[in-house]
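Under the numbering used here, read the sequence shown as residues 236 to 303, first letter to last. First the structure, in the form of structure tokens, and then the observations on it.
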Amino acid sequence: MSKEGNFLIFCIEQYKSAKNLTGKQVIELFRRYGISEYIVSCFEALHTTGTNYIIQDIDLFIQAHQTV
236 MSKEGNFLIF CIEQYKSAKN LTGKQVIELF RRYGISEYIV SCFEALHTTG
286 TNYIIQDIDL FIQAHQTV
């Protein structure tokens, strides 16, 4: 698996844990808002940040796409 793929799995697991969601709920959320594509496209920047930043960034991404 690619480093981007491994990082995406890490982000999914961390988000699931932080938000007390099931894996299915997180996958549905990521699909609805295109979060997986965002994470992969921003891998170079995101993989250097901490878990709390990543969770917050995903939340901000969702908020931005809910208002569109």
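Every residue gets a Cβ at the ideal spot worked out from N, C-alpha and C, and that includes glycine.
Proximal residues to residue i (C-beta, below 8 Å), its chain only, five neighbours per side dropped
i: N241; result: none
i: H300; result: Y268, G269
Three-state secondary structure (DSSP) of residue i
i: H282; result: coil
Proximal residues to residue i (C-beta, below 6 Å), its chain only, five neighbours per side dropped
i: Q291; result: none
i: F265; result: S271
Which whole runs of the alpha helix (DSSP H) in the stretch 244-292 are 4 residues long or more, in chain order?
Within the stretch 244-292, the complete alpha helix (DSSP H) segments at least 4 residues long are 258-268, 270-276, 278-281, listed from N- to C-terminus.
Could you check whether the stretch 278-288 touches the stretch 256-263, counting it as contact only if at least three pairs of C-beta atoms, one from each stretch, sit closer than 8 Å?
They do not touch, by the three-pair rule.
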